Amino acid sequence: MNKEFYIRTFGCQMNVADSERIKSLLLRDGYQETAEPEEANLIILNTCAVRKHAEDKALARLNSLKHYKRKNPNLIIGLFGCIPSLYGEKLFREFPHLNILCGPKGIGKIDFLLDKAKNGEKAAALDEKDGFFDDRCLSAGKNKEALLPIMQGCDNFCSYCVVPYTRGRERSKPSSQIIEELRNLAGQGVKEITLLGQNVNSYGKGLAEKIDFAGLLKLVSKIKDLEKIKFMTSHPEDISQNLLEVIASGKKIEKRLHLPVQSGSDFILKRMNRGYSAADYKRIVQKAREFIPEISISTDIIVGFPGEKEEDFQQTLKLLREICFDSIYAFKYSNRPKTAAGGFKEQVSEEEKERRLQEVFKVYRERVKRTKEALVPGAF
Numbered sequence: 001m002n003k004e005f006y007i008r009t010f011g012c013q014m015n016v017a018d019s020e021r022i023k024s025l026l027l028r029d030g031y032q033e034t035a036e037p038e039e040a041n042l043i044i045l046n047t048c049a050v051r052k053h054a055e056d057k058a059l060a061r062l063n064s065l066k067h068y069k070r071k072n073p074n075l076i077i078g079l080f081g082c083i084p085s086l087y088g089e090k091l092f093r094e095f096p097h098l099n100i101l102c103g104p105k106g107i108g109k110i111d112f113l114l115d116k117a118k119n120g121e122k123a124a125a126l127d128e129k130d131g132f133f134d135d136r137c138l139s140a141g142k143n144k145e146a147l148l149p150i151m152q153g154c155d156n157f158c159s160y161c162v163v164p165y166t167r168g169r170e171r172s173k174p175s176s177q178i179i180e181e182l183r184n185l186a187g188q189g190v191k192e193i194t195l196l197g198q199n200v201n202s203y204g205k206g207l208a209e210k211i212d213f214a215g216l217l218k219l220v221s222k223i224k225d226l227e228k229i230k231f232m233t234s235h236p237e238d239i240s241q242n243l244l245e246v247i248a249s250g251k252k253i254e255k256r257l258h259l260p261v262q263s264g265s266d267f268i269l270k271r272m273n274r275g276y277s278a279a280d281y282k283r284i285v286q287k288a289r290e291f292i293p294e295i296s297i298s299t300d301i302i303v304g305f306p307g308e309k310e311e312d313f314q315q316t317l318k319l320l321r322e323i324c325f326d327s328i329y330a331f332k333y334s335n336r337p338k339t340a341a342g343g344f345k346e347q348v349s350e351e352e353k354e355r356r357l358q359e360v361f362k363v364y365r366e367r368v369k370r371t372k373e374a375l376v377p378g379a380f
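In UniProt numbering, the protein residues as written are 1 to 380.
Listed below in structure tokens is the structure:
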């Protein structure tokens with residue numbers, strides 16, 4: 001019997017990294033990857049639940065796989081990632097053609113899950129409590145870039161965010177394991193690494209060793225064959241002067257910060273449980289640019305958060321006009337199960353969310369245009 005698998009990834013770079021783990025394990029077990037789902041006898045969807053749109057897209061794709069199952073009754077279909085963690089085994093009832101449910105912490109049990117599925121059983125690994133997946137099995141692939149999670153989960157509990165409920169509480173990978181995994185990847189020809197975490201700035205909390213993210217960056221910089229070090233994502237509350245100094249002095253470290261602000265309104269930031277004010281955020285950006293003049297700063301914006309009035313939204317636009325971000329990622333608020341914000345009153349209409357989203361993009365484009373005109377007079 002041919003062992004061919006097809007995998008599709010939805011969502012963030014952490015999911016992309018998880019899919020690479022899945023691929024590595026399947027390739028090790030003799031599977032071959034195919035780009036065509038109709039050729040596969042194992043189809044995996046690695047899903048995201050951060051926003052309802054991403055969730056709906058993944059579940060629509062899962063529903064569309066029924067016709068493949070009718071053509072090939074032996075086909076195994078697995079739903080991986082945050083959606084299984086969020087909704088659990090009721091998904092088996094909603095999608096009877098589904099064979100496997102696996103949350104982010106269950107990837108290491110893929111052999112066990114496949115064995116059960118091949119025997120005709122429904123298989124699930126949703127709330128695993130084992131340690132970090134061993135990324136030494138990761139292969140470099142065809143390019144010279146790789147993603148490496150250095151931590152999992154999150155302890156911030158932003159009121160809109162489902163991550164603590166799908167990926168669990170924050171856990172850092174020991175630095176010795178990270179260095180070993182990176183040396184393995186560098187030995188395969190990887191030159192550029194991206195260190196991943198929901199909040200990399202809080203790396204090291206809970207570890208027996210005394211190390212923070214700045215200390216980890218110093219260790220990673222010493223790996224001879226690595227040429228470029230990237231990282232994401234950073235929480236504004238945990239940016240330290242020491243970290244900025246390490247980024248500034250590190251020749252291999254990319255001079256870039258993805259620093260989600262989410263809102264320019266102190267009222268909304270408090271409801272979001274972000275732990276900083278708009279003034280705090282501006283001071284952090286100012287300090288980063290003082291230490292690293294060439295730094296590129298990007299951000300995330302959420303519009304239409306419950307209770308966001310027009311004056312709150314105008315504060316976000318004001319912040320966008322004041323801070324010249326190099327890029328922004330803006331989204332409409334999405335009500336998520338289990339989150340505190342899901343129970344908030346004063347929900348904003350979809351029409352108003354869309355209006356505000358387009359206004360954010362308009363203000364950002366105008367800000368970029370003014371900056372370019374200042375740099376190159378007459379360019380527009």
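Built from N, CA and C at the ideal position, the CB exists for glycine as well.
Quantities reported herein were computed from a predicted structural model and do not represent experimental measurements.
Under the three-state reduction of DSSP output, Val303 falls in the strand class.
Taking a C-beta distance under 8 Å as the contact criterion, Ile295 and Leu257 qualify as a contact pair.
Ranked by Cα distance from Leu126, the first of Lys116, Ile107, Lys318, Leu26 is Ile107.
Note on the stretch 173-223: whole alpha helix (DSSP H) runs with a minimum of 4 residues are 175-187, 213-221, in chain order.
In its chain, beyond the 5 residues on either side, Ile7, Thr9, Asn46 have a beta carbon closer than 7 Å to the beta carbon of Ser19.
Residue pairing by DSSP places Lys230 opposite Thr194 in a beta bridge. Just measuring C-alpha positions, the residue of Glu350, Ala208, Leu319 sitting nearest Gln262 is Leu319.
Of the residues assessed, Pro84 falls on the buried side of the cut-off, its CB having 16 or more other CB atoms within 10 angstroms. Judged by beta-carbon spacing, Pro306 lies beyond the 8 Å limit of Tyr276, meaning their Cβ atoms are not closer than that value. Residue pairing by DSSP leaves Lys309 without any beta bridge partner. Membership of Lys57 in the alpha helix (DSSP H) is indicated by the continuous run 52-64. In the same chain as Pro164, and ignoring 5 residues on each side of it, the C-beta atoms closer than 6 Å to its own belong to Cys154, Phe157, in chain order.
Cβ contact annotation for Ala340 (same chain, cutoff 6 Å, sequence separation greater than five): Ser159, in chain order. For Thr371, same chain residues with a beta-carbon under 8 Å away, outside a window of 5 residues either side, are Cys324 in chain order.
In this structure, the straight-line span from the alpha carbon of Arg356 to that of Asn335 is close to 17 Å.
A residue is called buried once 16 or more other Cβ atoms fall within 10 Å of its Cβ, and Gln314, having fewer, is exposed.
Checking the DSSP bridge columns, you'll see Glu4 partnered with Gln32.
Counting the other CB atoms within 10 Å of its CB gives Phe361 a total below 16, which places it among the exposed residues. Taking the C-beta atoms as reference points, Ile77 is found nearer than 8 Å to Asn99. The straight-line gap separating the alpha-carbon atoms of Arg365 and Glu322 is approximately 13 Å.
Annotation: Leu244 to Asp29 spans about 43 Å, alpha carbon to alpha carbon.
If you ignore the 5 residues before and after Lys191, its C-beta comes within less than 8 Å of the C-beta of Lys144, Glu145, Asp225, Leu226, Glu227, Lys228, all in its own chain and listed in chain order.
Thr9 is bridged by DSSP to Asn46.
Within its own chain, the residues whose Cβ lies closer than 8 Å to the Cβ of Arg289, once the five positions on either side in sequence are excluded, are Ile295, Ile297, listed in chain order. Straight across, the Cα-Cα distance linking Lys282 with Glu36 is about 48 Å. DSSP, reduced to helix, strand and coil, places Phe80 within a strand of the structure shown. One thing to note: Asn201 has its Cβ within 8 Å of the Cβ of Ser234.
Shortest Cα-Cα distance from Lys105 to any of Pro174, Gly168, Gly343, Asn119 involves Gly168. In the displayed model, Arg171 falls within a strand according to three-state DSSP. The alpha carbon of Ile193 has as its nearest neighbour, out of Gln13, Glu4, Leu317, the alpha carbon of Gln13.
One Cα belongs to Lys52, the other to Cys82, and the distance between them is close to 12 Å.
For Pro149, there is no enclosing alpha helix (DSSP H); the enclosing beta strand (DSSP E) covers residues 145-149. With a contact defined as Cβ atoms closer than 8 Å, Glu38 and Tyr68 qualify at about 6 Å.
Counting of Cβ neighbours within 10 angstroms places Lys173 among the buried residues, the total reaching 16 or more.
With fewer than 16 neighbouring CB atoms inside 10 Å of its own CB, Asp115 falls in the exposed class. For Leu269, same chain residues with a beta-carbon under 6 Å away, outside a window of 5 residues either side, are Ser263 in chain order.
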